[in-house]
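In UniProt numbering, the protein residues as written are 1 to 119.
We put the CB at the ideal spot given by N, CA and C, even for glycine.
Here is the structure we will look at.
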């Protein structure tokens, strides 16, 4: 995988996505539960998506949705975790308060209040 900021071999992608899957499992995400992704395309998204597939079920969400629409998607698919870009982290953490199934919000751009840093 090659992006403007990172190059990963398939082996590196596999190992990185294994770490994502293990982190999700360690925080209580069980096989079959939905892990949503709400971010522009970036290398972290690719790693998180493959980790989500390994941990349960990946749910890529269209980044053109409004915060209200995104909240509906999270409720409708009963997301257990969600990975977001930093610009969506604060709104997603606020939305998560009303979603008892959502165990974890992961921010690709470092820790935000109430979110876990992807790194």
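- Separation of the CB atoms of residue 16 and residue 37 is rounded to 15 angstroms, and the pair is thereby denied contact status at 8 angstroms.
- Here the alpha carbons of residue 76 and residue 84 stand approximately 18 angstroms from one another.
- In this chain, residue 106 is not harboured by any alpha helix (DSSP H); it is covered by the beta strand (DSSP E) spanning 104–107.
- Excluding five sequence positions before and after residue 111, the CB atoms of its chain that fall closer than 6 angstroms to its own CB belong to 117, given in chain order.
- Selection 12, 27, 42 and 11 evaluated against residue 4 yields 42 as nearest (Cα-Cα).
- With a contact defined as Cβ atoms closer than 8 angstroms, residue 103 and residue 29 qualify at about 6 angstroms.
- For residue 78, the three-state secondary structure derived from DSSP is coil.
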